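All remarks here apply to the structure that follows.
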């Protein structure tokens, strides 16, 4: 049975990129909060940022998330994801993704989630998917499942932002409606960065969110913690 017959002929449209329905549902399963990667345990330095008073309300959080997506790990991870999708062998990219993490906790964040993603995806879909940094693992899995890379990167970014919004709800006064409003407002940014990442090269990697990075570095010494980063 050919791949087209296996996956069916109908398609879902994401920002003009066709993806058949079965692949689309698989992608949303991979990037849903229910997928067992342990995302709930990591805050990407958000816990320390809130603890030291950088973020006090919903607008501060929205600005912080916008910066992380556009100038921080959001953009860089999306580029790494797309590069892994294009690569015949992602091993070098996996090493690069690990060394780009600016702190020990952030390195653990990407490696532990990537290993959990790879383990579950191997078990369910039988893919040849080694343990590696999270965005590289998702990009590689998407290639092996013949998914179009642009919608993968876009949904990856939204999933990343969604996890951080959920973390913020445990750390600061933030209602459910406010949280969903923030995510809705970030959707155009996720679409734009995902599109740009699908056309980017490794030369475009780089971050400029020093406050976020220092918060991640300081998190390990915070007196009271509920997250691992």
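In my numbering, the protein residues as written are 184 to 412.
Beta carbons: idealized from backbone N, C-alpha and C, even for Gly.
Owing to the predicted nature of the structure, the values given are computational and were not obtained by experimental measurement.
Residues bridged to residue i [DSSP beta-bridge criterion]
i: residue 328; result: Paired residues: none, contrary to the question.
Backbone CA spacing between residue i and residue j [nearest angstrom]
i: residue 310; j: residue 325; result: 10 angstroms
i: residue 315; j: residue 303; result: 13 angstroms
i: residue 382; j: residue 333; result: 9 angstroms
i: residue 268; j: residue 329; result: 9 angstroms
i: residue 353; j: residue 397; result: 21 angstroms
i: residue 202; j: residue 236; result: 43 angstroms
i: residue 306; j: residue 296; result: 15 angstroms
Presumed contact (8 angstroms Cβ cut-off) between residue i and residue j, rounded CB distance
i: residue 220; j: residue 299; result: 4 angstroms
i: residue 245; j: residue 368; result: 7 angstroms
i: residue 233; j: residue 355; result: 5 angstroms
i: residue 254; j: residue 391; result: 5 angstroms
Exposed unless 16 or more other CB atoms sit within 10 angstroms - verdict on residue i
i: residue 210; result: buried
i: residue 248; result: buried
i: residue 228; result: buried
i: residue 384; result: exposed
i: residue 293; result: buried
i: residue 331; result: buried
i: residue 287; result: exposed
Beta-carbon contacts of residue i that lie in its chain and below 6 angstroms, excluding the five residues immediately before and after
i: residue 258; result: 376
i: residue 250; result: 392
i: residue 256; result: none
Same chain only: Cβ atoms within 8 angstroms of residue i, ignoring 5 sequence neighbours per side
i: residue 339; result: 214, 260, 261, 264, 318, 321, 377
i: residue 252; result: 258, 340, 343, 344, 369, 372, 373, 376
i: residue 312; result: 301, 304, 305, 320, 323, 324, 327
Proximal residues to residue i (C-beta, below 7 angstroms), its chain only, five neighbours per side dropped
i: residue 284; result: 290, 293
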